[in-house]
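See below for the structure under consideration.
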Amino acid sequence: MPRPPLSVIDLRPTADLPDLGTIVAGVTARSGPATTEVRTTADTPDGRLLARGIVLEHRSTDGGTGRWVLEVPGGPGPIQWSASAAAVPGEAGALLAGVARSAPIAPATTTVTTSRLTVLEGLDGEVVAEVVDRVVDGDGSDDPARAERHRRVEVVGDARAVKALRRALRDLREVDGQPSRRPAPVTPRPAPPGGSLSAYVAGVVADGLDRLLAEDPRLRHDVDDDAVHQARVATRRLRSDLKTLAAILDPAWGRELRHELRWAGERLGGVRDADVLAERLRRRAGAHPDLPGTAALLRRIGDQRRAAADELRVALTSPRWLALLDALDDAAASPPVVAAEADRRRRPLEPALARLVGRPRRRLRDEVRALGDHPSDEALHRVRIRAKELRYAAEAASRARPEAAPLAVAAKGLQTVLGDHHDAVVAEAWLRAAAAATDDPAVAFAAGVLVGDERAEQAALRDAWPDAWRAVRAAPSKWLR
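The number in this note's numbering is simply the position in the sequence shown, starting from 1, with 164 added.
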């Protein structure tokens, strides 16, 4: 069914509505009681939650105790706690510990919304239109003189009625149709002082930190599998970027931060590896619906995943995890670039980026040349790692050099093919270990069948990866010289 016409009208806050029953011929207006909703938004003093699109607010209606509601972009949906507005629930603070870190989260702004519903009914009792009049007071200020007010009327119903109501309310509209209440500004991350290299490094680190913090609350909530994947990618990308930028970074700082990112990545990797393997086993089992023993294999990987998730939860609540986030935040604000004097002379960024991307490209080329005619699984895995390094370097460079984008795409293609090959190798090894560890012949037989599937996929991927390598070689590279 088509949706009824809807009209939203911003009115002057002090405007008096006319008798709505006299606007549309042949209708009767019936208004319900006014309802009042109070919303108190919590944040850190520097607005860290708002800056990341996170909403934490207390909502109560008509004087009730109300509830706290947490909404995280990409999260599992609103998380709620029944509590008063006096203080932020400890559970909410725990979920936001990575974003807030040392900054306290406390109630900051309050708005009061008064709403009244008026129903317009025809002579036969049929609803012709519904009009909701909402008045929002407050901008979070304790000073009533500074409080702002916004009024909005929403009309839904018969097209004739909607048109008549809009015409009748025309003279009551807010100037230029703009509501008086303005959204709170989001303070952007300040650009670091210094030259182009410092700004570039700051952008790379800030991007990695943003990716990691976007997943942090989801990790703390339920160790969500997608959040684990994205956070692990963020740590790997940062490690690769720092390795690429090593020539212009403080060496001791770079080594220490890469070490901490490796530690975080390993905790995430335990869960992610189990998720990847479980998905492969489910897919393989689906191809053999009558094969006994697969359920036991899935239970085994499920136990492995739960143990890894427990280890990750311990890491997330540790001072070491929060210290890593602080270190990244500090580097995004003031990157430890050793080429400071060259920065002050505004050394051109493009030649520097060409050199930074050229190194991983040469390392990848050398790794491929050393393979021989029958490369081992380990050798192909090393090529995959080099392809990943090149991809991340080219993606980072493409922020300033669009010419790098095709190389990044080609490197990603090679990384994907060899990544799938590596996953098949890991799955085979896990299945062989599971077969050796069981006394159940059905489980051992199922593992053997699935090993055959993994071996077949490895063979197909070994045939496919040279084409992906040729695409890397064919990517435009004149800008690297």
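All C-beta atoms, glycine included, are put in the ideal place defined by N, C-alpha and C.
Between the C-alpha atoms of alanine 646 and arginine 447, what's the straight-line distance to the nearest angstrom? Outside the displayed span of the chain (165 to 645) sits residue 646, for which this structure offers no information.
Taking all protein chains shown into account, do 16 or more other C-beta atoms lie within 10 angstroms of the C-beta of threonine 274, making it buried, or fewer, making it exposed? By the 10 Å Cβ count, threonine 274 comes out buried.
Residues in its own chain within less than 6 Å of proline 177 by CB, not counting five upstream and five downstream? So the list reads Arg313, Arg315, once near-sequence residues are dropped.
Where in the region 236-265 do unbroken runs of the alpha helix (DSSP H), each at least 4 residues long, occur, reported from the N-terminal end onward? With a minimum length of 4 residues, the unbroken runs of alpha helix (DSSP H) contained wholly in the region 236-265 fall at 254-259, 261-264.
Bridge-paired residues (DSSP) for tryptophan 232: Per DSSP, His222, Trp245.
Tell me, which residues are paired with leucine 413 by DSSP? Leucine 413 is bridged to Val501.
Are the beta-carbon atoms belonging to glycine 254 and proline 381 less than 8 Å from one another? Contact flag unset, no.
Exposed or buried, alanine 270, counting other C-beta atoms within 10 Å across all chains shown (16 or more means buried)? Classification for alanine 270: exposed.
Give the single residue among Trp245, Glu221, Glu201 whose Cα lies nearest to the Cα of glycine 228. Closest option to glycine 228, Cα to Cα, is Glu201.
Taking 8 Å as the threshold (C-beta atoms), are leucine 425 and threonine 399 in contact? Yes, Cβ-Cβ distance for threonine 399 and leucine 425 is below 8 Å.
Can you give me the C-alpha to C-alpha distance between arginine 533 and valine 369, rounded to a whole angstrom? Straight-line spacing of the CA atoms in arginine 533 and valine 369 works out to 32 Å.
To the nearest angstrom, how far is the alpha carbon of alanine 623 from that of tryptophan 633? For alanine 623 and tryptophan 633, the distance between alpha carbons rounds to 17 Å.
For valine 501, which option in Ser562, Pro182, Ile412 has the closest C-alpha, if you only look at C-alpha atoms? If we check each option's Cα against that of valine 501, Ile412 comes out closest.
Is the region 560-568 touching the region 534-550 in the sense that three or more CB pairs, one from each, lie closer than 8 Å? Fewer than three beta-carbon pairs drawn from the region 534-550 and the region 560-568 are found closer than 8 Å, and the two stretches are therefore not classed as touching.
Can you check which of these residues, Thr205, Gly257, Leu376, Ala449, is closest to glycine 612 by C-alpha distance? For glycine 612, the nearest C-alpha among the options comes from Ala449.
Can you pull the DSSP bridge partners for serine 171? Val319.
Could you spell out where the alpha helix (DSSP H) holding arginine 280 opens and where it closes? Where arginine 280 is concerned, there is no enclosing alpha helix (DSSP H), although the beta strand (DSSP E) it sits in stretches over 270-286.
Quick one: what's arginine 194 bridged to in DSSP? Note: arginine 194 is bridge-paired with Val283 in the DSSP secondary-structure output.
Quick check: the region 486-502 against the region 520-537, are there 3 or more CB pairs under 8 Å? Contact between the region 486-502 and the region 520-537 is absent, because fewer than three Cβ pairs lie under 8 Å.
Status (buried if at least 16 other CB within 10 Å, exposed otherwise) for arginine 334: Under a 10 Å Cβ-count criterion, arginine 334 is classified as exposed, with fewer than 16 other Cβ atoms of the shown protein chains found around its own Cβ.
Cα-Cα separation, alanine 261 to glycine 185: Roughly 53 Å between the two C-alpha positions.
Taking 8 Å as the threshold (C-beta atoms), are glutamate 318 and threonine 192 in contact? Not in contact: threonine 192 and glutamate 318 (Cβ atoms no closer than 8 Å).
Alpha-carbon spacing of arginine 337 relative to glycine 190, whole angstroms: Just so you know, the alpha carbons of arginine 337 and glycine 190 end up roughly 25 Å apart.
Any contact of the region 434-442 with the region 565-582, i.e. 3+ C-beta pairs under 8 Å? Using a Cβ-Cβ distance cut-off of 8 Å, the region 434-442 and the region 565-582 are not in contact, since fewer than three pairs of beta carbons, one from each stretch, lie closer than that value.
Give the straight-line distance between the Cα atoms of tryptophan 643 and alanine 518, rounded to the nearest whole angstrom. Distance from the CA atom of tryptophan 643 to the CA atom of alanine 518, rounded to whole angstroms, is 7 Å.
From threonine 351 to leucine 582, what distance separates their C-alpha atoms? Low local confidence applies: a pLDDT of 42 at threonine 351 is under 50, so the model's placement there is unreliable, and no value is given.
Helix, strand or coil at valine 188 [DSSP, three-state]: In the structure shown, valine 188 falls within a coil segment according to DSSP collapsed to helix, strand and coil.
If you follow the beta strand (DSSP E) that alanine 206 is part of, which residue opens it and which one closes it? Its beta strand (DSSP E) spans residues 199-207.
Secondary structure of histidine 538, DSSP reduced to three states: DSSP places histidine 538 in coil when its eight states are reduced to three.
Limits of the alpha helix (DSSP H) - the one that aspartate 474 falls within: Taken as a continuous stretch (DSSP letters only), the alpha helix (DSSP H) holding aspartate 474 covers 458-480.
Do you know offhand how far arginine 463's Cα is from threonine 282's? Each residue's alpha carbon lies about 57 Å from the other.
Compare the C-alpha of glutamate 420 against each of Gly433, Leu402, Arg431 and name the closest. Closest by alpha carbon: Leu402.
Reference threonine 481, options Gly289, Asp493, Leu376, Leu383, closest by Cα: Nearest C-alpha to threonine 481: Leu383.
To the nearest angstrom, how far is it from the Cα of aspartate 322 to the Cα of alanine 198? Aspartate 322 and alanine 198 have their C-alpha atoms roughly 24 Å apart.
So for glutamate 294, helix, strand or coil by DSSP? Reduced to three states, the DSSP call for glutamate 294 is strand.
What's the C-alpha gap between alanine 395 and arginine 619? When rounded, the distance between both Cα atoms is 30 Å.
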